[in-house]
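Since the structure comes first, as structure tokens, the remarks are kept for the end.
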Amino acid sequence: MTRAGEQSVVWGIVPAAGIGSRIQPLAFSKELLPVGTRLERGIERPRAVSEYLVERMIGGGAERLCFVISTGKSDILEYYGANYGPASACYVVQPRPEGLCDALFRALPLIRDQDVLLLGLPDTVWFPSNGFDLLPKGVLSLLLFSVENPELFDSVEIDVHGDVQRIRVKEAGAPSEWIWGAFKMPGHVFRELYRLWRERAVIGQRDEYLGTLINAYIANGNRVLGVQAGRAYVDVGTMGGYRRAIQLLEREYGAGNADQTIRVGVQ
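For the sequence shown, numbering that gives the first Met the number 0 begins at 0 and goes up steadily by one.
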């Protein structure tokens, strides 16, 4: 319920409950996998892969962060604590691994209709780092990236106006090379998606992936925008992806043309 005069809050929702089976065994949560380094008071320290998403959210205006974790991932709470930079942090628990939709909607009780949500995957690295700023606030919008293997992701088809027509979830032969890498949406849209998700579950169409849920949302007459502004996207959930992420960061930061607080490399 929205009261007159209430200010909106920008939330960054970080789904971090997955087990990361593709890159196991690890002695810690996959979201804390060291990828590159950062300078902290002049000392070079490892940088967790999820920090790239968190920093992009904060750069996009996030004032509060909500990490969705499982019962066995308290190391994420220990790592991030009560805040990351200027953004305060809170944590909700997904008790069972029941998909991305279920994980994201665990944050619903915190979100008001007038709030703005930024969503992304914490085991990815992407550019441009200001990608969230390129998405409009008033509608469900997707930041799209061109990749060589769209069948491994959610391939997004848009029309000439940027309206999303369909999302193909890990589908071989997908006609579009563009995949989603991040979302922005108003709080009331997040709530509408939750209601639709519950309605579909009642009739035996429980959505595990966001792509199928968004397809149903579009089929109900709602607008979803796709913004083809992504420049580079790497999934760090495999060893091959880990190596590609290091190479990407070296290209972006190694020549001194970006954030000087970051220096990338593996000792």
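We treat Cβ as the ideally placed atom computed from N, Cα and C, and that holds for glycine. In this text, all values refer to a predicted model and were calculated from it rather than measured experimentally.
- Query: Name the DSSP bridge partner or partners of ARG179?
  - Reply: Here residue 179 turns out to be Trp, not Arg, going by the sequence shown. Looking at the DSSP assignment, TRP179 forms a beta bridge with LEU143.
- Exposed or buried, which one is PRO14 when buried takes at least 16 other CB atoms within 10 Å? buried
- When we look at the beta-carbon of GLY203 and count the other beta-carbons within 10 Å, is it buried (16 or more) or exposed? exposed
- Message: Short of 8 Å in beta carbon distance, which residues of its chain neighbour TYR216, apart from the five on each side in sequence? Order them along the chain.
- Response: LEU139, GLU191, LEU192, LEU195, VAL223
- Query: At what residues does the beta strand (DSSP E) containing ASP158 begin and finish?
  - Reply: ASP158 -> no beta strand (DSSP E), and no H or E assigned at all.
- CB-CB under 6 Å to GLU97, same chain, minus the five flanking residues each way: which ones, in chain order? none
- Any chance the stretch 223 to 238 sits against the stretch 124 to 143, with 3 or more Cβ pairs inside 8 Å? yes
- Task: Go through the stretch 25 to 59 residue by residue and report every complete run of the beta strand (DSSP E) that reaches 3 residues or more, in order.
- Result: 33 to 39, 42 to 47
- Item | In chain order, each alpha helix (DSSP H) run of at least 4 residues that lies wholly inside the stretch 191 to 231 | 209 to 218
- Query: Can GLU150 and SER175 be called in contact, C-beta distance under 8 Å?
  - Reply: no
- Message: Tell me the DSSP secondary structure of ARG111 in three-state form.
- Response: coil
- Paired residues, beta bridge with ILE68 - DSSP: VAL92
- Query: How would you label MET238, buried or exposed, when you count the other beta carbons within 10 angstroms and need 16 or more for buried?
  - Reply: exposed
- Pairwise C-alpha distance: PRO94 and SER28: 16 Å
- Would you report the Cα separation of ARG250 and ILE178, rounded to the nearest angstrom? 22 Å
- Sequence-distant residues of the same chain with beta carbon closer than 7 Å to ASP132, five excluded per side: GLY59
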